[in-house]
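Enquirer: Sequential numbering of the first sequence, starting at 42, is according to our numbering. Dumping the structure here so I can ask a few things about it.
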Amino acid sequence: MNKVYNHKEVEDKIYKKWEESGSFAPEANPKGNPFSIILPPPNANAPLHFGHAMYTVEDILIRYHRMKGDKSLWLPGTDHAGIETQFVFEKKLKEEGKSRLDYDRETLYKMIENYVNENRGGIERQLRRLGFSLDWSRQKYTLDPDIVRLVYKTFKKMYDDGLIYRDYRLVNYCTYDGTSFSDLEVIYEERKNPLYYIKYGPLVLATTRPETKFGDTAVAVNPADKRYKEYIGKEIEIETVIGKAKIKVIADVFVDPSFGTGVVKITPAHDFQDFDVGKRHNLPLVQVINYDGKMNEKAGKFSGLYIKQARTEVVEEMKKKGMLEKIDESYINRTPLCYKCKNPIESLPLEQWFVKVEGLKKGAIKVVKEGKIKIYPKNFESIYFQWLEGLEDWNISRQIVWGIRIPAWKCENSHWIVTEGETPKKCAKCTSKKLTQDTDTFDTWFSSGQWPYVTLKTNYSLPKMGFDEDVADQVLKGKTKTYRLRDHNFKVGDKVLFKNTQTGELFGYGIVKEAEETIIEKINYKDESHFKTYKSLDELIKALKLRNQNAKVNPKTKAYSYSYEFRPLEELENIETLFETFYPTSIMETAYDILKAWVTRMVMLGIYITGEVPFKQVLFHGLVKDPYGKKMSKSKGNVVDPLELVDEYGADSIRFALIYGNATGNDQALFYGKLQAARNFSNKLWNIARFISMKREALNPKSQIPNSLTIEQLNNLAIEKVDKEMVDKVEELIEKTTRHIEKFEFNLAAEGLYEFIWHEFADKYIEDVKKRINENSFLILNSCFMIQLALLHPFMPFITEEIFGKFSGNNRLLITEPWPLQAQKSTEKSTENTEN
RNA sequence: GGACUCGUAGCUCAGUGGUAGAGCGCUUCGUUGACAUCGAAGAGGCCAGAGGUUCGAUACCUCUCGGGUCCACCA
Numbered sequence: 042m043n044k045v046y047n048h049k050e051v052e053d054k055i056y057k058k059w060e061e062s063g064s065f066a067p068e069a070n071p072k073g074n075p076f077s078i079i080l081p082p083p084n085a086n087a088p089l090h091f092g093h094a095m096y097t098v099e100d101i102l103i104r105y106h107r108m109k110g111d112k113s114l115w116l117p118g119t120d121h122a123g124i125e126t127q128f129v130f131e132k133k134l135k136e137e138g139k140s141r142l143d144y145d146r147e148t149l150y151k152m153i154e155n156y157v158n159e160n161r162g163g164i165e166r167q168l169r170r171l172g173f174s175l176d177w178s179r180q181k182y183t184l185d186p187d188i189v190r191l192v193y194k195t196f197k198k199m200y201d202d203g204l205i206y207r208d209y210r211l212v213n214y215c216t217y218d219g220t221s222f223s224d225l226e227v228i229y230e231e232r233k234n235p236l237y238y239i240k241y242g243p244l245v246l247a248t249t250r251p252e253t254k255f256g257d258t259a260v261a262v263n264p265a266d267k268r269y270k271e272y273i274g275k276e277i278e279i280e281t282v283i284g285k286a287k288i289k290v291i292a293d294v295f296v297d298p299s300f301g302t303g304v305v306k307i308t309p310a311h312d313f314q315d316f317d318v319g320k321r322h323n324l325p326l327v328q329v330i331n332y333d334g335k336m337n338e339k340a341g342k343f344s345g346l347y348i349k350q351a352r353t354e355v356v357e358e359m360k361k362k363g364m365l366e367k368i369d370e371s372y373i374n375r376t377p378l379c380y381k382c383k384n385p386i387e388s389l390p391l392e393q394w395f396v397k398v399e400g401l402k403k404g405a406i407k408v409v410k411e412g413k414i415k416i417y418p419k420n421f422e423s424i425y426f427q428w429l430e431g432l433e434d435w436n437i438s439r440q441i442v443w444g445i446r447i448p449a450w451k452c453e454n455s456h457w458i459v460t461e462g463e464t465p466k467k468c469a470k471c472t473s474k475k476l477t478q479d480t481d482t483f484d485t486w487f488s489s490g491q492w493p494y495v496t497l498k499t500n501y502s503l504p505k506m507g508f509d510e511d512v513a514d515q516v517l518k519g520k521t522k523t524y525r526l527r528d529h530n531f532k533v534g535d536k537v538l539f540k541n542t543q544t545g546e547l548f549g550y551g552i553v554k555e556a557e558e559t560i561i562e563k564i565n566y567k568d569e570s571h572f573k574t575y576k577s578l579d580e581l582i583k584a585l586k587l588r589n590q591n592a593k594v595n596p597k598t599k600a601y602s603y604s605y606e607f608r609p610l611e612e613l614e615n616i617e618t619l620f621e622t623f624y625p626t627s628i629m630e631t632a633y634d635i636l637k638a639w640v641t642r643m644v645m646l647g648i649y650i651t652g653e654v655p656f657k658q659v660l661f662h663g664l665v666k667d668p669y670g671k672k673m674s675k676s677k678g679n680v681v682d683p684l685e686l687v688d689e690y691g692a693d694s695i696r697f698a699l700i701y702g703n704a705t706g707n708d709q710a711l712f713y714g715k716l717q718a719a720r721n722f723s724n725k726l727w728n729i730a731r732f733i734s735m736k737r738e739a740l741n742p743k744s745q746i747p748n749s750l751t752i753e754q755l756n757n758l759a760i761e762k763v764d765k766e767m768v769d770k771v772e773e774l775i776e777k778t779t780r781h782i783e784k785f786e787f788n789l790a791a792e793g794l795y796e797f798i799w800h801e802f803a804d805k806y807i808e809d810v811k812k813r814i815n816e817n818s819f820l821i822l823n824s825c826f827m828i829q830l831a832l833l834h835p836f837m838p839f840i841t842e843e844i845f846g847k848f849s850g851n852n853r854l855l856i857t858e859p860w861p862l863q864a865q866k867s868t869e870k871s872t873e874n875t876e877n
């Protein structure tokens, strides 16, 4: 062993070992209680940023439960991130001097698809480097055909249940990006917007939007406002920049008499509040701004001008005609902006699909109130409730191509036909065959809001067998074939899924018709390996003798031959999926900043589709800021690639540093000192291991010294007072670490381990035992350390696994070793306690 | 306007109803075999301020001040 621990020599090797052992899949503990976490899917369009390293919390939980013997599933996936991705891509196009309008829908989609696919592999590599024990065989992507099919189904069901409706309403519309947005995607900024006092016949009103004047269908005053009492309900004659007009004066309580002059113009087509007022008073909707951000023909001679230009020119004209009483140039208000491009968001009337949230949100509130979902840290509960209580119907239409296209068609008579994805032949109402599909796609959160359900529902619990393209083709043609496999031990009648090795797509399943155990020989020939099968070991030896080779047969050369009866893909839907075992998932662990956009939607949709909550617990972690405490963002250029730091400090140190000294749910700034401390800690571990292995050799190089003993065995072994105390303290450490992990106090668990291993075990105990080491004290020393390694494994998996491997020497892996237990309290002792 | 959160050592942050903790930094000392990515010893805090509850508050409650975040959205 080297004096200094070198993570670079260890990490990739260990990760490969884990993967090859199949430990990441729930099959590692097939009989345990199910425990599952779905990875919050990162956006597929970009590499991970440092904040994603906080997934460490999930890995800690998964590794802990796996060691406890639970059937543990951590399911990875990526999200197509509709608007985010298309926005990034369009920016790229713009840099190349092009625009999305240069391409038709299909071409643009393909281009974005290619762009995204380039990044997806990178994300996977990053997650592996951080040591995350994700079950890669279950990986999912929001645009996988089987996922999309389920999303369609949900939409259809909601439509049939009356939970989805189409409505002509105001939406937040970005005329620059050409799409509408949900309320969550609008940001506000304080801006100086001059307040114009305009003469409206006998009245004067104040507005920041004089250019929308052409869309006014009323002016409003407060019913209690004595100044304007005489005008209420009457029509007044006004002068406008495009001639004389008449307009109604209405009374509505929403008008604040103290603002401006106490008179408001009502433009139902371009203001959310006015839209509501318009509904209350039956006012017509006059749209004067088009979706391209220009004034339309209703604006007379100003039509064709962009909003900003139109405003300037309208004001000029008003000045000329003496229609302006005054301008308050210093007026500041909060202007709605597009969260992506920062251009002003317009309120425009548009026909869209909406989700009726009333019932859904009540259900989502109820399950948390009833404790069916528990939220940690607890204070996020109030944010959850607050958001849901104020939630209004959810606009799920997006006018972009990147995403899941809405499976709805409109016939020539404007009837809508919603399907589960298939193209309808004719309209059900008027039998018209002239149908056009809605060009919009779903809001990304509509699909990711179903993530726990769809990922588990499209993953089958049967084992998967990969087949090459040509073999797959043969199987598809219905030929029964025999295949040789090394890793499985099936019986006749077992079912196996067939997967295309190249594309990863499932193409059917097979039932084992014949199964035979064989011996295989691996022959390396010109960089390629071939396998030869023999019926028995004797036959193999005979063959080798013929070739004048020595018969060195590895026990792993056992193989199994099977022939399958092929069954088609369509039948897959009737096969048991992971859903049955793992839904509801155990914990949803994510950054708190997507509580509203994602967590609430998963709860609403999860309950709606499955009748059950999608997860039993929600655990929030904080954000990782840059070293100055500022939020990391691409535009600021302070984003840190986790791989850079993994290279420098090792994955274990990154993981440990993120957990240590940070209370669950709190933000933290990236702090290099802490990374260094964590790296020093791993070196400390390494040198403890080095010391112990040196002593092992010095004591008795040949004899079999057991690797690990339980606390009970150690209790019987410890004679010296220091040893006894050490065993007691280790037992206490087991209790403490377990308790802290169970309570999601990962920082306390990590701090406890750090403190104990370094300052108790190394600084004191080893220093003491050094002078008096013998076989007995060595056993205690060694076993206590093995227990500490196991406790530390979820936090620092690589180095603990590496040391464990060096000590145990056999094929056991720490990742699937049992979690250390305290000594069983003897009945005698516990009666004593109760008597006291 | 509403909600949440933070204020503890020089810096970054844990923590607890009962003598105040870690990492980094700082001071002094230590080179023989686990480790200088180390060890030993040490300096450094009226735990933002005020009031209340309590035998006792840094912790619980109220208010004030000062950071941060989120929501609503102003014509």
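Even glycine gets a Cβ: it sits at the ideal position worked out from N, Cα and C. Since this is a predicted model, take the numbers as computed values, not measurements.
Residues in the same chain with beta-carbon distance under 6 Å from Ile-782, minus the five sequence neighbours each way, listed in chain order, please.
Expert: Within the first sequence, numbered from 1, the residue matching residue 782 stands at position 741. Counting only Cβ-Cβ distances below 6 Å, and skipping sequence neighbours, we find Tyr-105 and Ala-790.
Enquirer: Relative to the C-alpha of Val-318, which candidate in Val-327, Val-329, Phe-295 and Arg-642 has its C-alpha closest?
Expert: Taking the first residue of the first sequence as position 1, residue 318 is located at position 277. Checked all of Val-327, Val-329, Phe-295 and Arg-642; the closest Cα to Val-318 is Phe-295.
Enquirer: Where do the N-terminal and C-terminal ends of the alpha helix (DSSP H) with Asn-721 fall, by residue?
Expert: The residue labelled residue 721 in the question sits at position 680 within the first sequence. From DSSP, the alpha helix (DSSP H) with Asn-721 extends over 713-740.
Enquirer: Taking buried to mean at least 16 other C-beta atoms within 10 Å of its own C-beta, is Ser-867 buried or exposed?
Expert: As a working mapping, residue 867 is identified with position 826 in the first sequence. Because Ser-867 carries a pLDDT of 48, less than 50, the predicted location of this residue cannot be relied on, and the following value inherits that uncertainty. So Ser-867 counts as exposed.
Enquirer: Please return the same chain residues whose Cβ sits closer than 8 Å to the Cβ of Leu-378, not counting the five positions on each side in sequence.
Expert: In the first sequence, the residue the question calls residue 378 occupies position 337. Excluding positions up to five away in sequence, the list reads Val-227, Ile-228, Tyr-229, Glu-230, Asn-384, Pro-385 and Ile-386.
Enquirer: Per DSSP, Met-629 is paired with what?
Expert: For this step, residue 629 is matched to residue 588 along the first sequence. Per DSSP, Val-659.
Enquirer: Assuming Asp-201 is part of the alpha helix (DSSP H), what are its boundary residues?
Expert: Taking the first residue of the first sequence as position 1, residue 201 is located at position 160. Counting along the chain, the alpha helix (DSSP H) containing Asp-201 begins and ends at 186-201.
Enquirer: Measure the alpha-carbon distance for Lys-289 versus Thr-480 and round it to whole angstroms.
Expert: Position 248 of the first sequence, counted from the start, is the residue given in the question as residue 289. Position 439 of the first sequence, counted from the start, is the residue given in the question as residue 480. If I take the Cα positions, the gap works out to 39 Å.
Enquirer: According to DSSP, Leu-326 sits in a beta bridge with which residue or residues?
Expert: Position 285 of the first sequence, counted from the first residue, corresponds to residue 326. Answer by DSSP bridge pairing: none, since Leu-326 is not bridged.
Enquirer: Any idea if Arg-588 is buried or exposed, counting beta-carbon neighbours within 10 angstroms, 16 or more meaning buried?
Expert: Sequence index remark: in the first sequence, residue 588 carries index 547 (1-based). By the 10 Å Cβ count, Arg-588 comes out exposed.
Enquirer: Applying the 10 Å Cβ sphere with the 16-neighbour rule, what's the burial state of Ser-140?
Expert: On the first sequence, residue 140 is found 99 positions in, with the first residue counted as 1. Looking at its Cβ environment, which holds fewer than 16 other Cβ atoms inside 10 Å, Ser-140 is exposed.
Enquirer: So for Phe-836, helix, strand or coil by DSSP?
Expert: As a first step, residue 836 is located in the first sequence; it is residue number 795 there, counting from the start. Three-state DSSP puts Phe-836 in coil, outside helix and strand.
Enquirer: Which same chain residues, not among the five before or five after Met-199, have their C-beta less than 6 Å away from its C-beta?
Expert: Counting from one through the first sequence, the residue named residue 199 turns up at place 158. Excluding residues within five positions, the ones whose Cβ falls inside 6 Å are Ile-205.
Enquirer: Using a 10 Å radius around the Cβ and a threshold of 16 neighbouring Cβ atoms, would you call Pro-291 buried or exposed?
Expert: Taking the first sequence and counting its residues from 1, one reaches residue 291 at position 250. According to the sequence shown, residue 291 is Ile rather than Pro. Flag for Ile-291 reads buried.
Enquirer: Can you look up Met-42 in the DSSP assignment and give me helix, strand or coil?
Expert: Walking along the first sequence from the start, residue 42 turns up at place 1. Three-state result, Met-42: coil.
Enquirer: State buried or exposed for Thr-477, treating a residue as buried only when at least 16 other CB atoms are found within 10 Å of its CB.
Expert: Residue 477 sits at position 436 when you count from the first residue of the first sequence. Thr-477 is exposed by the Cβ-count criterion.
Enquirer: Would you call the CB atoms of Tyr-332 and Thr-183 closer than 8 Å?
Expert: Reading the first sequence from its first residue, position 291 is the one you call residue 332. Reading the first sequence from its first residue, position 142 is the one you call residue 183. Against a cut-off of 8 Å, the Cβ pair of Thr-183 and Tyr-332 comes out as no contact.
Enquirer: Enumerated in chain order, which unbroken segments of the beta strand (DSSP E) with a length of 3 residues or greater are wholly contained in the stretch 449-510?
Expert: Segments of the beta strand (DSSP E) lying fully in the stretch 449-510: 449-452, 457-459, 476-478 and 505-508.
Enquirer: If distances are taken between C-alpha atoms only, which option among Phe-548, Gly-678, Asp-509 and Asp-535 comes closest to Thr-542?
Expert: Along the first sequence, read from residue 1 onward, the residue named residue 542 stands at position 501. Of the candidates Phe-548, Gly-678, Asp-509 and Asp-535, the one whose C-alpha sits nearest the C-alpha of Thr-542 is Asp-509.
Enquirer: Looking only at its own chain, which residues have a Cβ that is under 6 Å from the Cβ of Met-643, when we skip the five neighbours before and after it?
Expert: Against the first sequence, residue 643 aligns to sequence position 602. Around Met-643: Gly-490 and Pro-655.
Enquirer: In chain order, what are the residue ranges of uninterrupted alpha helix (DSSP H) at least 4 long that sit wholly in the stretch 71-135?
Expert: As far as the stretch 71-135 is concerned, its whole alpha helix (DSSP H) runs of at least 4 residues are 97-108.
Enquirer: I'd like to check one pair, Leu-830 with Phe-845: are the Cβ atoms closer than 8 Å?
Expert: As a working note, residue 845 is residue 804 in the first sequence. As a working note, residue 830 is residue 789 in the first sequence. Taking 8 Å as the Cβ cut-off, Phe-845 and Leu-830 qualify as a contacting pair.
Enquirer: With a threshold of 6 Å on Cβ separation, who are the neighbours of Val-51 within its own chain once the five nearest residues in sequence on each side are excluded?
Expert: Stepping through the first sequence from its first residue, residue 51 is reached at position 10. Excluding sequence neighbours, Val-51 sits near Phe-839 and Glu-843.
Enquirer: Label Pro-325 either buried or exposed according to how many other C-beta atoms from any shown protein chain fall within 10 Å of its C-beta, with 16 as the threshold for buried.
Expert: Start at 1 with the first residue of the first sequence, and residue 325 comes out as number 284. When all chains shown are included, Pro-325 counts as exposed.
Enquirer: Checking 8 Å against the spacing of the C-beta atoms, do Tyr-713 and Asn-788 come in under that value?
Expert: Here residue 713 refers to the residue found at position 672 when the first sequence is read from its first residue. Here residue 788 refers to the residue found at position 747 when the first sequence is read from its first residue. No, the pair does not count as a contact, with Cβ atoms beyond the cut-off.
Enquirer: Just checking, does the stretch 109-124 make contact with the stretch 166-181 on the three C-beta pairs under 8 Å criterion?
Expert: As far as the Cβ criterion goes, the stretch 109-124 touches the stretch 166-181, which means the pair count is three or higher.
Enquirer: Which value, in whole angstroms, describes the spacing of the CA atoms of Pro-596 and Glu-580?
Expert: What you label residue 596 is simply residue 555 of the first sequence in a count that begins at 1. What you label residue 580 is simply residue 539 of the first sequence in a count that begins at 1. Because Pro-596 sits at a pLDDT of 49, beneath the cut-off of 50, its placement in the model cannot be relied upon, and the following sentence gives the value as read from the coordinates. Taking the straight line joining both Cα atoms gives about 15 Å.
Enquirer: Going by DSSP in three states, Lys-677 sits in which element: helix, strand or coil?
Expert: Numbered from its first residue, the first sequence carries residue 677 at position 636. It is coil, neither helix nor strand.
Enquirer: When you compare only the Cα positions, how much space is there between Lys-254 and Gly-444?
Expert: Against the first sequence, residue 254 aligns to sequence position 213. Against the first sequence, residue 444 aligns to sequence position 403. Taking the straight line from one Cα to the other gives about 37 Å.
Enquirer: With Cys-825 and Val-771 assumed to form a contact (beta carbons below 8 Å), what rounded beta-carbon distance in angstroms separates them?
Expert: For this step, residue 825 is matched to residue 784 along the first sequence. For this step, residue 771 is matched to residue 730 along the first sequence. Confirmed, Cβ separation roughly 5 Å.
Enquirer: Over the uninterrupted beta strand (DSSP E) stretch that includes Thr-376, give me the two end residues.
Expert: As a position in the first sequence, residue 376 is number 335, starting the count at 1. Its beta strand (DSSP E) spans residues 373-379.
Enquirer: Can you tell me which of the three DSSP states Cys-215 falls into?
Expert: Here residue 215 refers to the residue found at position 174 of the first sequence. In the structure shown, Cys-215 sits in a strand (DSSP, three-state: E or B).
Enquirer: Along the beta strand (DSSP E) that carries Asp-369, what are the first and last residues, could you check?
Expert: Mapped onto the first sequence, residue 369 falls at position 328. Looking at the DSSP string, the run of the beta strand (DSSP E) that includes Asp-369 is 365-369.
Enquirer: Which word fits Pro-186, buried or exposed, when buried means at least 16 other C-beta atoms lie within 10 angstroms of its C-beta?
Expert: Locating residue 186 in the first sequence gives position 145, counting from the first residue. Pro-186 should be labelled exposed.
Enquirer: Using 10 angstroms around the beta-carbon of Met-629, count the other beta-carbons present and answer buried if the total reaches 16, otherwise exposed.
Expert: For the purposes of this step, residue 629 is identified with residue 588 of the first sequence, where counting begins at 1. Per the 10 Å Cβ criterion, buried.
Enquirer: Leu-191 to Asn-756, Cα distance in whole Å?
Expert: Numbered from 1 along the first sequence, position 150 holds the residue referred to as residue 191. Numbered from 1 along the first sequence, position 715 holds the residue referred to as residue 756. Each residue's Cα considered, the two are about 56 Å apart.
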